[in-house]
Every structure is written in C-alpha cells, then in structure tokens.
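Chemist:
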Amino acid sequence: PGLSLDDFAASRYKEQGNFVEELYSLDKKQISNAKVIVELSRTGDVLGRQVSIKKSIMVDDSTGTLKITYHLKNQSEESINTRFGVEFNFGLQAGHAHDRYYHVNGEKLKNFYLDSTGEIEKSKRLALRDEWRKIDIELTAQEECTTWRFPIETISLSEAGFERVYQSSAIVMLWDLELNKKIVERIIYLKLSTFK
C-alpha cells in the first residue's frame, strides 16, 4: 500500500516480501489431452512474517485459456496488511500504432496505445488487441482489483540522440489484502483468441 504506479514502473520501491528472490517448488505436473496443470509453492517472508503461496497454472488448449490460481496464507500469529500484485508482460511489436491497443469489452481506453501508462481502479478486466496479427489477449480477475499498465522500454543511442524503444506492455493486477490465518484466493484468467 502507498506505492505509486510511477514508482513501480521506474523500480523505485522496496519489495515487502522475498518471493521474487527464490525458486518455487514444483508440487504437481499433469498433462492430459488439451490440458496442462502445474502447481507450485513457496514459503517466504512478507514484512518479516512467514507467508505461504500456492500457485496453480492450468492451460486449456481447447479454449485458449490460461487459469492462474493463487492461495496465500499467513503462517504467523499477526495479521499482515499488504498489497499482492501479479505482473504480466506482452510483446506486441508496436507500442504506438493505431491497430495495437488496450481495450475493455471491445471499447478502446481513452489513452489506448500499448506504450501508454495508466491505472484502472475497481476493475476485473483489461485486454490488448493486435489487429495486424489478429490476436486478442484478455486478462480477467475473479475479484475486483486495481490494474496498472505501462511500457517496458530500452534506451537506444541513434543519430538523433537517445531514444526510448518499446519492448513490451506490462500489466499488473493488484489487491490490497489483510492476511490472517484464512487462505486468501485470487484467480486470473488469460484468454488468447484470434479474429478475422
């Protein structure tokens, strides 16, 4: 809580936990027909208290859907107020082209370019569309969240000087949570579809 989108995008913040520093354990791998399920787990620290995360990823090739389920549990005696975020990065080649954009339910955002920065509060959905390649990538959260979007860019030195070069679009889904002994569940669906 209290972290701004600009500070996050510029990596000007300190992690409250250590989950990005270590590997997760592979608990289960199941492959059948058009589905793949992978379950991962890890116990780490958030604000000096032990928290466990179980992450289940199910890929359904028949529907083009990826379902990611997170179970978070505070293993300590004290409750923890924190912000849980899940980041996705998508490279759709052109960050500032009229035929590649963000949308919600088919309606373009006001600042729709893939190299735009913005925040949507109390939302469940955000999508990216590439009309040139005819693909749509939609993220849907089961619970309302705050959604941040910003470009991932590199700096290049050209004849004109330093230039920002678009690499991908980052989307972060965020939930403010109070973690106690109960398991908190968050589910995100990623659907990849094509159109004509």
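Numbers in the working numbering are just positions in the sequence shown, counted from 1, shifted up by 738. We treat Cβ as the ideally placed atom computed from N, Cα and C, and that holds for glycine. Since the model is a prediction, treat every value here as computed from it, not as a measurement.
(1) Do you know how far the Cα of residue 917 is from the Cα of residue 817?
(2) Measuring alpha carbon to alpha carbon, tell me which of 829, 850, 825 and 783 ends up nearest residue 759.
(3) State the Cα-Cα distance for the pair residue 847 and residue 867, rounded to the nearest angstrom.
(4) As an exercise, report each continuous beta strand (DSSP E) stretch of at least 3 residues that is fully enclosed by the stretch 745-814, in chain order.
(5) Since residue 802 and residue 896 should fall inside the 8 Å C-beta cutoff, what is the C-beta to C-beta distance between them, to a whole number of angstroms?
(6) With a cut-off of 8 Å, do at least 3 Cβ pairs link the stretch 850-861 to the stretch 877-893?
(7) Pull up the DSSP beta-bridge partners for residue 846, would you.
(8) In angstroms, rounded to a whole number, what distance separates the CA positions of residue 905 and residue 793?
(9) Could you tell me which of 776, 821, 757 and 768 sits nearest to residue 791, measuring between CA atoms?
(10) Residues bridged to residue 870 by DSSP?
(11) Per DSSP, what kind of secondary structure is residue 743 in: helix, strand or coil?
(12) Looking only at DSSP bridge pairs, what is residue 923 linked to?
(13) Which term fits residue 812, buried or exposed, when burial requires 16 or more other beta carbons within 10 angstroms of its beta carbon?
(14) Under the assumption that residue 762 contacts residue 780 (Cβ atoms under 8 Å), give the Cβ distance between them as a whole number of angstroms.
(15) With residue 820 as the anchor, note down where its beta strand (DSSP E) starts and where it stops.
(16) From this set, 751, 744 and 799, which residue's C-alpha is nearest residue 771's C-alpha?
Modeler: According to the data block:
(1) 5 Å
(2) 783
(3) 12 Å
(4) Within the stretch 745-814, the complete beta strand (DSSP E) runs of at least 3 residues are 763-770, 773-784, 787-798 and 803-812.
(5) Actually they do not touch by this definition, with Cβ atoms about 38 Å apart.
(6) yes
(7) 841
(8) 27 Å
(9) 757
(10) The partner list for residue 870 (beta bridge, DSSP) is empty, contrary to what the question assumes.
(11) Three-state DSSP puts residue 743 in a helix.
(12) 809
(13) buried
(14) Taking C-beta atoms under 8 Å as the contact rule, residue 762 and residue 780 qualify, at a distance of about 4 Å.
(15) 818-828 is the extent of the beta strand (DSSP E) around residue 820.
(16) Ranked by Cα distance from residue 771, the options 751, 744 and 799 are led by 799.
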